[in-house]
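Protein chains: 2
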Amino acid sequence: MTVTVAVDAMGGDHGPSVTIPAALAFLEETPDARVILVGLDAPCAAVLTKSRSSARDRVSLQAATEVVAMDEPPADALRKKKDSSMRVAVNLVKDGTAQACVSAGNTGALMAIARFVLKTLPGIDRPAIASQLPTRKGVTTALDLGANVNCTCEQLVQFAVMGSALVTAVDGIERPTIGLLNIGEEDIKGNDVVKQTAELLKASPLNFYGNVEGDDLYKGTTDVVVCDGFVGNVALKVSEGLVVMLYDFLKTEFMRNPVRRLAALAAFPALRAFKKRVDPRRYNGATLVGLRGVVVKSHGGADVLGFRYALLKAYTEVANGVLDKIAHEIAAMPAAISPTAAVVAAEPHA
Amino acid sequence: MTVTVAVDAMGGDHGPSVTIPAALAFLEETPDARVILVGLDAPCAAVLTKSRSSARDRVSLQAATEVVAMDEPPADALRKKKDSSMRVAVNLVKDGTAQACVSAGNTGALMAIARFVLKTLPGIDRPAIASQLPTRKGVTTALDLGANVNCTCEQLVQFAVMGSALVTAVDGIERPTIGLLNIGEEDIKGNDVVKQTAELLKASPLNFYGNVEGDDLYKGTTDVVVCDGFVGNVALKVSEGLVVMLYDFLKTEFMRNPVRRLAALAAFPALRAFKKRVDPRRYNGATLVGLRGVVVKSHGGADVLGFRYALLKAYTEVANGVLDKIAHEIAAMPAAISPTAAVVAAEPHA
């Protein structure tokens, strides 16, 4: 099966100078993939013609006349820019020309456009943002990382279903363990929504581990960590801020005087290996999960390597049938989880 | 002025073997302080008699017959253990014998007992847990870190007032900047409670900076960061988990082979300086703020140095009149913030 990925070539801080080389590198390592670059004609053609990549023949260009700005209000991007590179790329998934779409552009706009164009999967009220984080044991998939600031317990259960299916598809883990982010492990802890969510998860066919705390995220206690988008976004941003601060402190200490700088030289292989291990580029690519199509959001500042990882993520999700897996797991849930779940359960799956 | 600190000598993972040496070390560096050790007679006397500290004469022993267990439900600790070391220590603050109380015991029990015995300050609905975190610029005081899972916007504004007064008292900063933890800087971001809180803070006499995001916590963007206890607790625990993971990775890389281990030796001064800079013991001591008395919670696993920092924190808060400062700032707030604020404003301050 060939997987076609629509790439918003204009998105992100660097646009075509990063997205196009990344797309070609991705194609070189993924022989059964194709890419449709969506963007303004001139800048895309300029980068593309310079390429001597062997994968050049698996790239096609689709013109778009507008670009969504990084700080543009999502509602404006949705209503006023019908021919943006982002919108056209999502349209290609909608009409079946592509199976996935990747953009490093404005997150809010991508979510608004993807939700409007693709709609959510049956049984899913709202899409969520899911991402992998490095842990002491491997990786954890956390969601929602910022799409939904207020969540009902049914929605949190839907996130659990989506996270479970995503981990099965991407990491090949059958019945991944699900942790519910809380401020204590005991059942009595947390707010009412979290407490009720725990009850629903216990009664579900999912492999529910129980409540987990913030530090469990990096301990790798569970394969999936579920939380609302406010808490998830804070957890993610706090982590980013802390890593930057710690790197900064480490660098300062190693640069403090000539003796220390000499020590840094000796320590370089260890420091480089350390940095590589937590390299955020390796974890680049957040999935907008719950839609009728695979949509991956790359970090806006991603370089070629980072954007390539985001493309690979989209490809892997399609190749492993993540959408079918979510539909299947939602159908297996008790009817109470979602107003539409009972209907879905009665339908045959694709 | 002499400041008397009541110490729950039995609290924490190590009890008197840590709390008593820490109390003596604290007294040696703080000539105008006194300590009342509260605990079971025999174990406290055993540690105390071995001491040759010059500060020995500024320590007195107050017997208690019970100890609150680290995993005891707070309601049980409150109702069934009226003669616990924790309860007696808080009682000493209530009756004016001591001006502050420090415990490394069960956080929930300490909060329940302190709230029941001391009550909240006029104009404060609920106490919060406040702590200092290291940042790229210095320190930030964050609250609430876990006492209140559901907060109204009025309560969040009260946290801002308490945080502001705390920073003025402890760090000597007049009009500290206040950040409201959110998932975006724009006014339209976040849930309804956060949006309304921002409006109230804008209209207040506090030095409100605006919304801040998770990474601003460690950038040190503002002197105070306000959030509800669920989000604050997750942010704190996520940070703890991340630091442990990064240390672990760093250690693994430096121990991977003999050459790397040699490099680690050369890098030791830099690594030690780095570790010292983020040493959690230096930031030990969370303040239960908003009570009619100074109550500081030490980390349960704190060693002598860590517990000494918690004692010093309690002392500093008392010496700099933190309670008066909170009362003063609450009185200066518009009446809408708190049902009782209008009454407070009409009362003379101590």
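Those protein sequence lines, which keep their order, are chains A and B. With the numbering used here, the residue at position 151 of the first sequence is 151, and numbering never jumps. The number in the numbering used here is simply the position in the second sequence, starting from 1, with 1000 added. A virtual CB, placed ideally from N, CA and C, is assigned to each residue, including glycine.
What residue 1239 of chain B touches in chain A, judged by beta-carbon distance under 7 Å, is 238 and 242, going in chain order. DSSP places residue 4 of chain A outside any alpha helix (DSSP H); the residue lies instead in the beta strand (DSSP E), whose first and last residues are 3-8.
Residue 39 of chain A has its alpha-carbon roughly 17 Å from the corresponding atom of residue 311 of chain A.
Taking 8 Å as the cut-off, the Cβ atoms of residue 178 of chain A and residue 222 of chain A count as close. When the Cα atoms are used, residue 247 of chain A and residue 261 of chain A turn out to be separated by approximately 15 Å.
In the DSSP annotation of this structure, residue 1143 of chain B is not part of any alpha helix (DSSP H); the continuous beta strand (DSSP E) holding it starts and ends at 1139-1143. Proximity of chain B to residue 135 of chain A at the Cβ level (cut-off 8 Å) is accounted for by 1245, in chain order. In the DSSP annotation of this structure, the continuous segment of the beta strand (DSSP E) that includes residue 1180 of chain B starts and ends at 1177-1181.
Around residue 146 of chain A, the beta-carbon contacts reaching into chain B at under 8 Å are 1183. DSSP places residue 30 of chain A outside both helix and strand once states are collapsed to three, so it counts as coil. By the rule that beta-carbons nearer than 8 Å mark a contact, residue 233 of chain A touches chain B. A residue is called buried when at least 16 other Cβ atoms come within 10 angstroms of its Cβ; residue 1259 of chain B does not meet this threshold and is exposed.
Excluding residues up to 5 positions away in sequence, 1061 and 1063 lie with their Cβ nearer than 8 Å to the Cβ of residue 1041 of chain B in the same chain. Chain B places no beta carbon closer than 8 Å to that of residue 309 of chain A, leaving this residue out of the contacts. Between residue 118 of chain A and residue 88 of chain A the beta-carbon gap is near 13 Å, outside 8 Å, which marks them as no contact. Inter-residue distance for residue 283 of chain A and residue 1075 of chain B is about 44 Å (C-alpha atoms, whole angstroms).
DSSP places residue 209 of chain A in no alpha helix (DSSP H) but in the uninterrupted beta strand (DSSP E) bounded by 207-212.
Residue 1260 of chain B reaches chain A at 269 and 270, counting residues in chain order whose Cβ is nearer than 7 Å. Just so you know, the alpha carbons of residue 135 of chain A and residue 1251 of chain B end up roughly 15 Å apart.
Between residue 153 of chain A and residue 193 of chain A, the gap from beta carbon to beta carbon is short of 8 Å. The Cβ of residue 35 of chain A sits no closer than 8 Å to any Cβ of chain B. Between the segment 196-206 of chain A and the segment 108-117 of chain A there are fewer than three inter-stretch CB-CB distances shorter than 8 Å, so the stretches are not counted as touching.
Nearest Cα to residue 1273 of chain B within the set A/256, A/287, A/4 and A/56: A/256. Annotation: the continuous alpha helix (DSSP H) that includes residue 258 of chain A extends over 258-277. For residue 130 of chain A, the enclosing beta strand (DSSP E) begins and ends at 128-134. Between the segment 1289-1300 of chain B and the segment 1093-1105 of chain B there are three or more inter-stretch CB-CB distances shorter than 8 Å, so the stretches are counted as touching. Of all residues in the segment 154-172 of chain A, none has a C-beta nearer than 9 Å to a C-beta of chain B. In the DSSP annotation of this structure, the continuous segment of the alpha helix (DSSP H) that includes residue 158 of chain A starts and ends at 153-171. Bounds of the beta strand (DSSP E) holding residue 1101 of chain B are 1100-1103. Taking the C-beta atoms as reference points, residue 288 of chain A is found no nearer than 8 Å to residue 231 of chain A.
For residue 191 of chain A, the neighbours in chain B by C-beta distance under 8 Å run, in chain order, 1149, 1150 and 1230. Put simply, of B/1233, B/1236 and B/1212 the residue whose alpha carbon is nearest the alpha carbon of residue 1225 of chain B is B/1212. Residue 107 of chain A carries a helical assignment under DSSP once its states are collapsed to helix, strand and coil.
Under the three-pair Cβ rule at 8 Å, the segment 297-309 of chain A does not count as touching the segment 162-170 of chain A. Taking residue 1320 of chain B as the centre and dropping the five residues before and after it, the same chain places the C-beta of 1169 and 1170 closer than 7 Å to its C-beta, in chain order. A check of alpha carbon separations from residue 1322 of chain B across B/1191, B/1097 and B/1291 identifies B/1291 as the nearest.
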